[in-house]
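Visitor:
Chains as they are written, first to last, in our numbering: chain A, 1 to 201; chain B, 1001 to 1291.
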């Protein structure tokens, strides 16, 4: 809990700036889902990179915290910030556009962010976040190759899949997706902890 | 109280590429100041990190307050105050913000004590840490380390880079802290003169090995710098010394068994009290003959 409070103290200004940016994008009528996902990832990664310096690891590990608490707090904080952004997106859309978003949209934001971070966090614990840029460039290259040579209508398929998910009325499907994402996120936490326990300070 | 150890390292080994601590055992007595000396890269910081569970030993055991980290990590850390040579605080935060973060971690955090030290050290609470000088950072670090009634203060090179006045003030402060007999202080330093001012015991580490832990009286009784003519040295007599420095006009050597050396050389040589620097210097040179 204290580590979560620490991240909130550290990121309160960044969070306010991001919420303002989020509102601007909503005013400009950008896709609320994608803006929400982007802002959530930015704030979650900010929370991660702030503690990434060796000297900060030295501080955190010298304070009465275990490595398990240090790693799990990052996962909890990311969910906290993502929910905050998803709720702001929901309320912002109601206030700015006078529309009620489907309840599924904020949940979709949370699920996508959790799924992405499930891969990003262990990567960053292993290689440090500045290698993420290189991994990102590699992924973009892979995406372009896929779109050009393998699945030319990949974007359409993604759009179709997202629509299908959001329009589905099957509770069972949502439960399966929700549970899968949660399990993926917990599994990611276990992997990150294992990596972090091996680290030298 | 003499028999109680606040820290115990038993047969600890830790290897890195190009450096290792081997079968390292050390006991730090409760209620005393133990100074930890050794050259650069001999394992001082590694030892401190092992004591604080920042590194796990490859083999051997580490216990603090008689407890192991596996089962009592948080309990142990609640009772330790730490000061590092490097800056470990968030640079873009003010001291007040750092305090807000750290205070929540400690059950026994005491705002009054913190304010006492902040006022004693004249630290600005609302300035960012990256505007603090080296001395101010050390004072801030110390204020935090002392504000949760820690029973053990572990400091890695706390006096390095400090001006002589603050160094003296710091040592006085640590001395004052020891008036509370339950507190123990373990600190590493390059500045051996600091130890004479404050340390009850000196622990000397060299090349990953624990050479000794002794009080000043023991050092004075056992160690001596011996000076004499070169004609007194041969293969057999040289073995009496930890290291020998040969010069055109005579030799200078360090013995760790003053009584025995006196029996061997009698009045033919001069005996001088060695400084800790002498002991470090001669030990570093080791078995090799210095010309």
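Yeah, the Cβ is synthetic: ideal placement off N, Cα and C, and Gly gets one too.
1. Do residue 78/A and residue 44/A count as a contact pair if the criterion is CB distance below 7 Å?
2. Cα-Cα, which of 1039/B, 1080/B, 1038/B is closest to residue 1184/B?
3. Under 8 Å, with one C-beta from each stretch per pair, do the segment 1103-1110 of chain B and the segment 1126-1137 of chain B reach the 3-pair mark?
4. Residues in the same chain with beta-carbon distance under 7 Å from residue 1198/B, minus the five sequence neighbours each way, listed in chain order, please.
5. Hey, does residue 1074/B have any beta-carbon neighbour from chain A nearer than 7 Å?
6. Which same chain residues end up closer than 8 Å to residue 108/A when comparing Cβ atoms and leaving out the 5 residues on each side of it in sequence?
7. Taking the CB atoms as reference points, tell me whether residue 58/A and residue 1062/B lie closer together than 7 Å.
8. Is the segment 183-195 of chain A touching the segment 1033-1044 of chain B, taking contact as three or more C-beta pairs under 8 Å?
9. Alpha carbon to alpha carbon, how far is residue 140/A from residue 23/A?
10. Strictly under 7 Å for the Cβ-Cβ distance: is residue 1293/B near chain A by that measure?
11. Measuring alpha carbon to alpha carbon, tell me which of 1084/B, 1164/B, 1187/B ends up nearest residue 1140/B.
12. Skipping 5 residues on each side, what residues in its chain have a beta carbon closer than 8 Å to that of residue 1004/B?
13. Suppose only complete runs of 3+ residues qualify. What are the beta strand (DSSP E) ranges in the segment 1102-1180 of chain B, listed by chain order?
14. Measure the CB-CB distance between residue 1193/B and residue 1157/B and report whether it falls below 7 Å.
15. Determine whether the Cβ of residue 49/A lies closer than 7 Å to any Cβ atom of chain B.
16. For residue 1167/B, count neighbouring C-beta atoms within 10 Å of its own C-beta (all shown protein chains included) and say buried if the count is 16 or more, exposed if not.
17. Among the residues of its own chain, which have a CB less than 8 Å from the CB of residue 1232/B, if the five just before and after it don't count?
18. Would DSSP call residue 102/A helix, strand or coil?
19. Quick one: Cα of residue 1071/B to Cα of residue 64/A, how far?
20. Can you pull the chain A residues whose beta carbon is under 7 Å from the beta carbon of residue 1078/B, in chain order?
21. Counting only runs of 4+ residues fully inside the segment 1182-1223 of chain B, write out the alpha helix (DSSP H) ranges in chain order.
22. Please report the Cβ distance between residue 1276/B and residue 1202/B, rounded to the nearest whole angstrom; I am assuming they are in contact, meaning their Cβ atoms lie under 8 Å.
23. How would you call residue 1/A, buried or exposed, if buried means at least 16 neighbouring beta carbons within 10 angstroms?
24. Please classify residue 1288/B as buried or exposed, where buried requires at least 16 neighbouring CB atoms within 10 angstroms.
25. Locate the alpha helix (DSSP H) running through residue 1038/B, then write down its first and last residues.
26. Using CA coordinates, which residue listed in 1037/B, 1229/B, 1159/B is at the minimum distance from residue 1284/B?
27. Going along the segment 6-37 of chain A in order, which residues come within less than 9 Å of chain B, judged by CB to CB distance?
28. For residue 1247/B, which residues does DSSP report across the bridge?
29. Under 8 Å, CB to CB, which of the residues in the segment 1230-1260 of chain B have a partner in chain A?
30. State the beta-bridge partners of residue 1012/B as determined by DSSP.
31. Indicate whether at least one CB of chain A lies closer than 7 Å to the CB of residue 1105/B.
32. Return the chain-ordered list of same chain residues with a C-beta closer than 7 Å to the C-beta of residue 1291/B, the five sequence neighbours on each side being excluded.
33. Please name the residue or residues paired with residue 1226/B in a DSSP beta bridge.
34. If the cut is a Cβ gap below 8 Å, which residues of chain A does residue 1097/B touch?
35. What residue range does the beta strand (DSSP E) around residue 1082/B cover?
Guide: Result, derived from the coordinates:
1. yes
2. 1080/B
3. no
4. 1033, 1171, 1174, 1175
5. yes
6. 33, 162, 165, 166
7. no
8. no
9. 28 Å
10. Nothing can be reported for residue 1293/B: it is not among the residues displayed for chain B, which extend from 1001 to 1291.
11. 1084/B
12. 1029, 1030, 1031
13. 1152-1156
14. no
15. no
16. buried
17. 1251, 1265, 1268, 1269
18. coil
19. 13 Å
20. 64
21. 1192-1198, 1216-1222
22. 7 Å
23. exposed
24. In this prediction, residue 1288/B has a pLDDT of 44, which is less than 50 and means its spatial position is unreliable; nothing more can be read from the coordinates.
25. That residue, residue 1038/B, is in no alpha helix (DSSP H); it is neither H nor E in DSSP.
26. 1037/B
27. 6, 9, 10
28. 1250/B
29. none
30. 1024/B
31. yes
32. Confidence at residue 1291/B is low in this model, with a pLDDT of 39, below 50, so the placement of that residue should be treated as unreliable; the coordinate-derived value is given next. Once the five neighbours on either side are set aside, the close Cβ partners of residue 1291/B are 1246.
33. 1253/B, 1271/B
34. 9
35. 1080-1083
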